[in-house]
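Participant: Each protein sequence line maps, in turn, to chains D and P. Under the numbering used here, the first residue of the first sequence carries the number 1, and numbering increases by one thereafter. Under the numbering used here, the first residue of the second sequence carries the number 1001, and numbering increases by one thereafter. Each residue gets a CB set at the ideal place from its N, CA and C atoms; glycine is no exception. Keep in mind the model is a prediction, meaning the values are calculated, not measured. Pasting a structure below so you can have a look.
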Amino acid sequence: MTFKFIEHQADISFIAKAKTKEKLFSECIKAFSDYVSGGKKSLISEKIKFSIKGKDDQELLYKLIEEAIYLMDAKGLLVKSIKAKFSNKTLNGVMDASKIRGSSYVAIKSPTYAEMYVKKFFKGWEARVVLDV
Amino acid sequence: MIKKIKENIWEVVKEGKMLVPGRIFASKKLLASIENDKTLQQIRNVASLPGIKIASMAMPDAHQGYGFPIGGVAAFDLKEGVVSPGGVGYDINCGIRLLVSSLKAEDVMPHREKIVKALSKEIPSGVGTSSEFEIKEVDINDIFSNGMNWAVEKGYATKRDQRLTEDMGKIGGANPDFVSKRAKERGRSQLGTLGSGNHFLELQVVEKIFDKKIAKTFGINEVGQVGCMIHCGSRGLGHQVASDYIQKMENEYGFAHLPDRELACAPIDSKLGKEYFAAMASAANFAFVNRQLISFKVRKVFSKLFSDNSFELVYDIAHNIAKFEEHVVNGKKQIVCIHRKGATRSFGPGRKEIVADYRKVGCPILLPGSMGTYSYVLVGTKKAEEISFGSTAHGAGRVLSRSYANANITREDVDKELKKRDVFLEAKSMKGAVEEAPSVYKDIDEVARVSDSLGLGKIVARLKPIAVIKG
């Protein structure tokens, strides 16, 4: 696991790390999924293609998490991980999702830009995200 | 720098790009927790937005939010000012309603667990649950445009319910055309559901009446009377509207000039500003109906268990909203765009916006505590109109983080604490219970006391929880 939840007074914040930007975005989705499900294991039942455009890395990450929230609210699916590639200012890929069963999941209102960063470091990439619960 | 203006009023001195000072309504104790996070910086940031009038304000329960602080109030000039989704919040028209019953505590307590299980079965909460209300495209658009009118027409609300909902449960200017398909998809299956996070349904008992005359006007007649408080909003629909318009405003007006990306905004008078307002009003009307459908279920459950009872609405209020209201600015009456984010409208006697039933005394204000602690009913005041753009607090406000709660509090701790307070808890998820433990919230008694002492809202009655349902 290369994400960790950190202190945030009102909501949920995590920092994710990975060697590549693609893996970093997948780690962020894993953090989101882990919080929503409380780490509950579930079988992947759906593969969903996606294409997201954004002005910058923050917007791409925001929109990716927003897409996962939309799938949870509108389709009853929990996105567990992604495989994706960047092409200019677009993120294209496939989401692995499982059906939400039971009602013990936590709703997320939205990703936020608060304290968000996506940065390249010497050894890889790091992002911070705050989710509005 | 902060300086004391008078007892419980503090000024954040104007500096840098601030156009107006900040003003905080808090006791020393509440100020200490306000200073502990980024609330002060957010007050300063809001003070730098174009067209802001008099001050960037923070109510007694203020804490760090997104863009605006929670508990933030700001008024903007209609020509020079802006409207910001970050000033309303992601959960548009998150709000509170209180119903009171003809039942007494002794009628309900022996059946408490059975009632809660029945309510929990009827009212979906958490994620992965959907509403039994079948909402067609035409209906959802009708709900956006007409709010509580829809609920009355469909038999889910009485005319009295509609009358006692803020703005008659219909904020003008709503237009479904400005709500995205994605937002509608998120909301359609969620009408009549509680959600999770800090949202709840609570059975309460009137514990103390401070102003008998006003309490009676609100339908709160005696100690021991059973009530039901509902806290939720526009669910995924409102969240998506907020997110959509943050993106649109960023694309249209940029964000590099703003102190915080979450303060994306548009001139009130612009096409995009008007479109956001139309979408926000649609989501707000959806939220009024959402709380009404939950009330419909509460009545259904109680009527099955108690043949002779009634559950009447005291009031339904929004605490995440932007509105056009008339206020006195620098000695002159002026219509401004008020953003209340985690703040409640407090209008004193006589305001035309207050329903005729309550106009002589002022509008009801509902201050929910955390689960296990008191909730309060207050009444709006002329003083609030003078000093806080007719606003006061919205609840307790968090003081400890969710991660702290997860690391340090167990479900057993919460159950033990609530048992000690004789509160029955039904929570769908462990997080829902642990992250909302009473100890993570500010002292609601102190919030209500400060509001009362400053005249932002006068205390009318206090209610004690007997059962809580959380997502």
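Using a Cβ cut-off of 8 Å, pull out every chain P residue sitting near Lys-49 of chain D, in sequence order please.
Facilitator: Those do not exist, as Lys-49 of chain D stays about 17 Å from chain P at its closest Cβ, beyond 8 Å.
Participant: For Gln-1042 of chain P, collect the residues of the same chain with a Cβ closer than 8 Å to its Cβ; drop the 5 residues on either side in sequence, then sort them by chain order.
Facilitator: Gln-1064, Gly-1065, Gly-1067, Phe-1068, Pro-1069, Gly-1072, Asp-1260
Participant: Can you list, in chain order, the residues of the stretch 1076 to 1090 of chain P whose Cβ is nearer than 8 Å to any Cβ on chain D?
Facilitator: Tyr-1090
Participant: From which residue to which residue does the beta strand (DSSP E) around Leu-1367 of chain P run?
Facilitator: Membership of Leu-1367 of chain P in the beta strand (DSSP E) is indicated by the continuous run 1364 to 1367.
Participant: Any chance the stretch 1022 to 1039 of chain P sits against the stretch 1447 to 1463 of chain P, with 3 or more Cβ pairs inside 8 Å?
Facilitator: yes
Participant: Please report how far the alpha carbon of Ala-1396 of chain P lies from the alpha carbon of Asp-1037 of chain P, in whole angstroms.
Facilitator: 16 Å
Participant: According to DSSP, is Val-1434 of chain P part of a helix, a strand, or is it coil?
Facilitator: helix
Participant: So, do the stretch 1335 to 1351 of chain P and the stretch 1360 to 1369 of chain P have three or more beta carbon pairs nearer to each other than 8 Å?
Facilitator: yes
Participant: By alpha-carbon positions, which one of P:Ile-1338, P:Ser-1270, P:Met-1371, P:Val-1379 ends up nearest to Met-1249 of chain P?
Facilitator: P:Ser-1270
Participant: Any beta carbon from chain D within less than 8 Å of Val-1127 of chain P's own beta carbon?
Facilitator: yes
Participant: Of the residues that make up the stretch 1011 to 1044 of chain P, which ones have a beta carbon closer than 7 Å to any beta carbon in chain D?
Facilitator: Asp-1037
Participant: Can you tell me the Cα-Cα spacing of Ala-1476 of chain P and Ser-1370 of chain P, whole angstroms?
Facilitator: Any question about residue 1476 of chain P goes unanswered here, given that chain P covers just 1001 to 1471.
Participant: Bridge partners of Asp-1142 of chain P, per DSSP?
Facilitator: Bridge partners of Asp-1142 of chain P: none, in fact.
Participant: Grab the span of the alpha helix (DSSP H) containing Gln-1204 of chain P for me, first residue to last.
Facilitator: Premise fails: Gln-1204 of chain P lies in the beta strand (DSSP E), 1200 to 1209, not in any alpha helix (DSSP H).
Participant: Taking C-beta pairs closer than 8 Å, name the residues in chain D that Gly-1197 of chain P reaches, listed in chain order.
Facilitator: Val-106, Ala-107, Lys-109, Val-133
Participant: Do Tyr-105 of chain D and Glu-1262 of chain P have their beta-carbon atoms positioned less than 8 Å apart in this structure?
Facilitator: no
Participant: Just to confirm, is the Cβ distance from Pro-1021 of chain P to Ala-1062 of chain P under 8 Å?
Facilitator: no
Participant: So the alpha helix (DSSP H) Cys-1232 of chain P belongs to, where does it begin and stop?
Facilitator: It is not in any alpha helix (DSSP H) - Cys-1232 of chain P instead sits in the beta strand (DSSP E) that spans 1225 to 1232.
Participant: In terms of residue numbering, what span does the alpha helix (DSSP H) encompassing Ala-1183 of chain P cover?
Facilitator: 1181 to 1188
Participant: Note down, in chain order, each residue of its chain lying with its Cβ closer than 6 Å to the Cβ of Lys-1382 of chain P, except the 5 sequence neighbours on either side.
Facilitator: Gly-1348
Participant: When you compare only the Cα positions, how much space is there between Leu-43 of chain D and Ala-127 of chain D?
Facilitator: 27 Å
Participant: Which residues of chain D have a Cβ atom closer than 7 Å to the Cβ of Ala-1242 of chain P, listed in chain order?
Facilitator: Ser-110
Participant: Quick check on the DSSP output: the beta strand (DSSP E) that includes Phe-5 of chain D runs from which residue to which?
Facilitator: 3 to 6
Participant: Among P:Val-1379, P:Leu-1049, P:Phe-1302, P:Ser-1102, whose alpha-carbon lies nearest the alpha-carbon of Asn-1221 of chain P?
Facilitator: P:Ser-1102
Participant: So, at 8 Å on beta carbons, what are the nonlocal neighbours of Lys-85 of chain D in its own chain, with the 5 sequence-adjacent residues on each side left out?
Facilitator: Glu-22, Leu-91, Asn-92, Gly-93
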